[in-house]
Amino acid sequence: MPLTVIAILCLQTVQAPPAAPAPALTARDSAFHVLNRLAYGPRAGEADSLAKAGVMRWIDQQLDPDHVPDPRLAEREKQFKILDYNRSDLAGRYRDAVRERQRMQREGRDTPDSIVMRSPGPMRELRDLGGELQQLAVVRAAVSERQLREVMVDFWTNHFNVFVGKGQDRFLLPSYIEETIRPHALGRFEDLLIATARSPAMLFYLDNAQSVAPGSMPPQRRPPPITFGPFGRPRFGGDPFGRRFGMNDADRQRQRQRQPTGINENYARELMELHTLGVDGGYTQQDVINVARVFTGWSIESPERGSGFVFRDWAHDRGNKIVLGQTFKDAGEDEGIRLLKFLANQRATMHHVSAKLCTRFVADDPPDGCIDAAVAAWQKTNGDIRAVLRAIFTSPDFWAPQAFQTKVKTPLEFVVSAVRAAGVDPDTTPRLAGLVARLGEPLYQQPAPTGYAETEEHWVNSGALLARMNAAMVIARECSSVQPLPDHARLVEAINQQLLGGTMSAHTRDVILEQIVDISDPMQARAMAVGLALGGPDFQKQ
Amino acid sequence: MTISRRVFVKAGGLALVSLGLDPLFLARAAFAAAPRPGSPTTRPILVCLFQRGAVDGLNMIVPHGERTYYDDRPRIAIPATDVVDLDGHFGLHPGLASLKELWDNKSLAAIHAIGSPDSTRSHFDAQDYMESGTPGVKSTADGWVNRYCQHDREHADTPFRAVGFGPQLPRILAGSAPSLAIDDLQAFGIRAPQDAARDRLTRAFEELYEGAGTGLLASSSQEGFEAVQLLKRANPMQYRPEHGADYPPGRLGKTLLEIAQLIKADVGLEIAFADCSGWDTHVNQGSSDGQLAARLKELGLALAAFNRDLGDRMRNVVLLTMSEFGRTIRENGNSGTDHGHATAMLVLGGPVNGGRVLGRWPGLAMEQRFEGRDVAVTTDFRDLFGEILARHLGATDLSAVFPGFSLDPGKFVGAIRS
């Protein structure tokens, strides 16, 4: 970013928080609020230090994460093997795991998967990498100094949801997170949208890789080679790694039948309903069909080998397409890019995505004011995500007392904020990711393209609350942020200050004190008190 | 006169908690007519199974008597030789063969060409409408099952009256009446190494949340603690399926087993809800074998096991499958089907008027289709849901359950024996 721009941005924000209606938040509450919303909750003592150093300065730094040093995370990431493998490595490992399973089926070994998983082998290795993938998200959220970026990575991962359990997305998802979502999380919306549209993970998840103009046929090819040759024709659906050894006429016939012969509307519909315009965005079924026609030919090169995006000219619909009254003349691959830019800058898109951001950062039912501010910033900057976020963070609605401690944390937010508050040092085992899953949010495992919901009615129910209490007790056992003080009153006050930012209610304090009154071992008393504090009602909110 | 247990508990029971008295015990005394846990109930029970992703009704309940069906589905139609014939015109997908016995003994019926009056082909919207019970109206805050629970309060409602099986409370159960989400019945409650520690910790958290004031956190947590107590008393943990019932491996079988378990525990279950996914067959749907066949086989085996396990208790149970819409009549370019309109639903149980395909069949000819491509809806899903609520559960005020829709018993398809 040019220096002048930084200077202007700093000028704009240094004077904030802007004139919020009285009673305004105290400096400490402001810091606590910001750390809960722009970050995954404060670490012990962090709200105080932030209040002293200046909240707005910290927000500016978070909006420019490349200049925030993050050595601890860099060190921690080295322990994650999943980051050492690229898409084609993972595709190979997937292939090995599928072969192992097929071999077992052929041999008639009717072994349940859970038993196979315990013995070393490709299936077990693949499962372990899947666990690492989920845990990595939790570790980054817990450890990174670039907290806002991690929050936005989670936001966009949900907005552009891809279900890891769908076939090849099992090995396409890691690169989707690393190469598609993360680099664009604080960039321009348009670039992010294009990146997702071209990503193998999304092309496979919403079936666009299979969408071809009706009647189109791939160019004549030589008979498939015996092994995976460079001209091996990609197979669509079914077992992606079925080998071509001994293919007979019936096999070829079946393969021909599996060749896609028409358009698939799935991506086109979700692109408009979920990714851009919103369900009330004013498009029709005919628009959906025409968008699908624009994207015919957007596919994946040799998907089974983890290759990247390819535009198949032969599969592209050459006619003109009208979307929302705008004509898209035949221009091959470029048509899709033009359409994505067109959709990214529709008013309905700005409103839909801004409202979603405000639901995340301000309130479950966000006031119009912050949404309008975000839309205005979007319009002015052509969808610079940082500018949109800044507009939200400087809107009076964000700083209003009614926004303070009124949003229920999602399961990921709850677990990570508890880990940060308690000073737990997470490792590479998927233990914490498993907790998040048990609370109802298994990462990357939402099958519906909507992603996970943000609002409290989706997360607060009696069963899930009981699960949160259990998770709190587990996390509390590893607490290192509060000293095991033998004086119970001081212990509980330390918990209030370090873990709850001073928001602990008198009732909570009394109940905790009563519960630990007969526990003489300071370690046990601390575990019980911290567990109750993290599992209690105060800590569910942000 | 009836007393709402929750009102009683909220008004008078809580003050006694700190004295060590159990509000549930008092609550139970407050309505002596309520069944005690462990004693068999004759209360009618509804189990709803949502096939999320839009099941292909045409390959589930196959119109094998229609030439068009075979013309439009050269690669994925179920060959007439494989269909389990029901009435010469319709037949079961061979994956559902395990249900034929229930068809023959008249406890299973299918409703064809059922769906929403709203034409949306969005999973999200259509599921939302089917759960809110208000097609076309997005602002409805609660689900229709919850509204039924709100308006028919004469039952002795325990926290287990309406239970969603899964980690999150589904939309259909959301609302002001108490409802519960259970992800794993065995692990339900606060965990601790010993019983005494568990009881103590449970009480501690219960007290903490009593201070949470009002709102969702407070009411949900209270429901949770009541449920823990009730389940503990009923002690259904040593559960073995009866009558040789063999649930298929996988989530659906486990969920139906837990529902059977909860029914037999007599803890006041009236409506159970569960999801089963994997029906969005855009690509390589398969025919008699393949992707959809595997899902249907699991469904058929799970339903058959559930029916067998409950045995005589099925007298009072109706199980209903639902799905947000059907799929295109014509197969797509990927040997799959895209989002369509009407689909088929199944009803199973003692009170069911079974052995028949109900509803008016609109036909598959081009001019009979919805928008020229999909099966037309001839039965509004609310007519079926309303019939089951009224004739099975005894709902008294359907206009409150389905606002803006006038239910006409004349339009009921006759799924429940009168």
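Chain order of the listed sequences is A and B.
Following the working numbering from start to finish, the first sequence increments by one per residue and tops out at 542.
Following the working numbering from start to finish, the second sequence increments by one per residue and tops out at 1418.
Even for Gly, the Cβ is constructed at its ideal location relative to N, Cα and C.
Is residue i helix, strand or coil by DSSP?
i         : result
Ala1110/B : strand
Leu1208/B : helix
Gly167/A  : coil
His1339/B : strand
Gly237/A  : Legend: pLDDT at Gly237/A = 32, less than 50; position of this residue unreliable, no value from coordinates given.
Ala1034/B : Note that Ala1034/B scores 43 on pLDDT, short of 50, meaning its location in the model is unreliable; the coordinates nonetheless yield the value given after this. It is coil, neither helix nor strand.
Met482/A  : Note that residue 482/A corresponds to Val in the displayed sequence, not to Met. Here Val482/A sits in coil by DSSP.
Gly531/A  : helix
Val139/A  : helix
Gly68/A   : Per the sequence shown, residue 68/A should be read as Val rather than Gly. Residue state, collapsed to three classes: coil.
Gln326/A  : strand
Ser114/A  : Confidence at Ser114/A is low in this model, with a pLDDT of 48, below 50, so the placement of that residue should be treated as unreliable; the coordinate-derived value is given next. Note: Ser114/A maps to helix in three-state DSSP.
Met247/A  : Confidence is the limiting factor: at Met247/A the pLDDT is only 48, short of 50, which leaves the residue's position unreliable, though a coordinate-based value still follows. If DSSP states are grouped into helix, strand and coil, Met247/A belongs with coil.
Ala16/A   : The pLDDT assigned to Ala16/A is 47, lower than 50, so where the model puts this residue is not dependable, and the model offers no usable value.
Ala1400/B : helix
Leu9/A    : Legend: pLDDT at Leu9/A = 43, less than 50; position of this residue unreliable, no value from coordinates given.
Ala422/A  : helix
Asp1380/B : strand
Val288/A  : helix
Met618/A  : Residue numbering for chain A in the displayed model covers 1 to 542; residue 618/A lies beyond these limits and cannot be assessed.
Gly61/A   : Position check: residue 61/A holds Gln in this sequence, whereas Gly was assumed. Looking at Gln61/A - three-state DSSP - the assignment turns out to be helix.
Gly232/A  : The predicted model places Gly232/A with a pLDDT of 33, which falls under 50 and marks its position as unreliable; any figure quoted below should be read in that light. DSSP places Gly232/A in coil when its eight states are reduced to three.
Leu1096/B : helix
Gln1186/B : helix
Trp1279/B : coil
Ala1077/B : coil
Arg1028/B : A caution first: Arg1028/B carries a pLDDT of 33, below 50, which makes its placement in the model too unreliable to give a value.
Trp298/A  : strand
Lys78/A   : coil
Val1375/B : coil
Gly1043/B : The identity of residue 1043/B in the sequence shown is Arg, whereas the question assumes Gly. Residue state, collapsed to three classes: coil.
Could you say which of the options lies nearest to residue i if we only look at CA atoms?
i         : options                                       : result
Ala292/A  : Glu304/A, Phe328/A and Gly308/A               : Phe328/A
His1112/B : Leu1346/B, Val1401/B, Thr1396/B and Asp1280/B : Leu1346/B
Pro537/A  : Ser520/A, Leu513/A, Arg198/A and Ser505/A     : Ser505/A
Phe539/A  : Asp384/A, Gln498/A and Leu203/A               : Gln498/A
Ser1122/B : Cys1149/B, Gly1053/B and Phe1188/B            : Gly1053/B
Gly131/A  : Gln515/A, Leu443/A and Pro214/A               : Leu443/A
Leu73/A   : Leu136/A, Lys52/A and Asp60/A                 : Leu136/A
His1282/B : Leu1092/B, Arg1308/B, Arg1330/B and Met1314/B : Arg1330/B
Pro200/A  : Val138/A, Ile263/A, Phe311/A and Val34/A      : Phe311/A
Trp1361/B : Ile1045/B, Leu1092/B, Phe1050/B and Pro1063/B : Pro1063/B
Thr284/A  : Ala268/A, Val511/A and Trp314/A               : Ala268/A
Tyr40/A   : His351/A, Gly423/A, Ile519/A and Leu129/A     : Gly423/A
Note down, in chain order, every chain B residue with its Cβ under 7 Å from the Cβ of residue i.
i        : result
Asn158/A : The contacting residues do not exist; Asn158/A stays about 14 Å from chain B at best.
His507/A : Gly1211
Ser417/A : Residues of chain B passing the Cβ test: none, with the nearest at roughly 16 Å.
List the residues of chain A whose Cβ lies closer than 7 Å to the Cβ of residue i, in chain order.
i         : result
Ile1190/B : Leu466, Met469 and Asn470
Asn1332/B : Gly262 and Asn264
Given that residue i touches chain A, what residues does it touch there, using C-beta distances under 9 Å?
i         : result
Ala1196/B : Within 9 Å Cβ-Cβ: nothing; Ala1196/B doesn't reach chain A, min ~13 Å.
Ser1098/B : Simply none; closest approach about 21 Å.
Ala1227/B : Ser462, Gly463 and Leu466
Glu1298/B : Ordered by position in chain A, no residue passes the 9 Å Cβ test against Glu1298/B, which lies about 16 Å from the chain.
Arg1121/B : Glu265, Arg269, Gln285 and Val288
Determine, using beta carbons only, whether residue i comes closer than 8 Å to chain C.
i         : result
Asp1125/B : Although the question refers to chain C, the structure presented lacks it and instead comprises the protein chains A and B.
Strictly below 8 Å CB to CB, what residues from chain B border residue i?
i        : result
Asp207/A : His1282, Val1283 and Asn1334
Leu532/A : Ala1204, Phe1205 and Leu1208
So which residues of chain A does residue i contact, with C-beta pairs closer than 8 Å?
i         : result
Pro1135/B : Within 8 Å Cβ-Cβ: nothing; Pro1135/B doesn't reach chain A, min ~14 Å.
Pairs of beta-carbons, one from the region 1362-1375 of chain B and one from the region 1134-1144 of chain B, closer than 8 Å: are there three or more? Contact fails: fewer than three Cβ-Cβ distances are below 8 Å.
Per the contact definition of three or more C-beta pairs closer than 8 Å, is the region 1396-1405 of chain B in contact with the region 1087-1105 of chain B? By the Cβ rule, the region 1087-1105 of chain B does not count as touching the region 1396-1405 of chain B, because fewer than three pairs are nearer than 8 Å.
Evaluate contact between the region 425-434 of chain A and the region 388-401 of chain A, counting only Cβ atoms and requiring at least three cross-stretch pairs below 8 Å. Not touching, per the Cβ criterion.
Three or more beta-carbon pairs under 8 Å between the region 1211-1228 of chain B and the region 464-483 of chain A, yes or no? When C-beta atoms of the region 1211-1228 of chain B are compared with those of the region 464-483 of chain A, three or more pairs fall below 8 Å, so the two segments count as touching.
3 or more residues per run - each beta strand (DSSP E) lying fully within the region 307-383 of chain A: Taken in chain order, the complete beta strand (DSSP E) segments of 3 or more residues contained in the region 307-383 of chain A are 309-311, 321-323 and 326-328.
Are there three or more Cβ pairs, one per stretch, closer than 8 Å when the region 1299-1311 of chain B is compared with the region 1185-1195 of chain B? By the Cβ criterion, the region 1299-1311 of chain B is not in contact with the region 1185-1195 of chain B, since fewer than three pairs of Cβ atoms, one from each stretch, lie closer than 8 Å.
Any contact of the region 206-214 of chain A with the region 1322-1336 of chain B, i.e. 3+ C-beta pairs under 8 Å? Output reads yes: the region 1322-1336 of chain B touches the region 206-214 of chain A.
Specify whether the region 181-188 of chain A and the region 323-343 of chain A touch according to this definition: at least 3 beta carbon pairs, one from each stretch, less than 8 Å apart. Flag = no, the region 181-188 of chain A and the region 323-343 of chain A do not touch.
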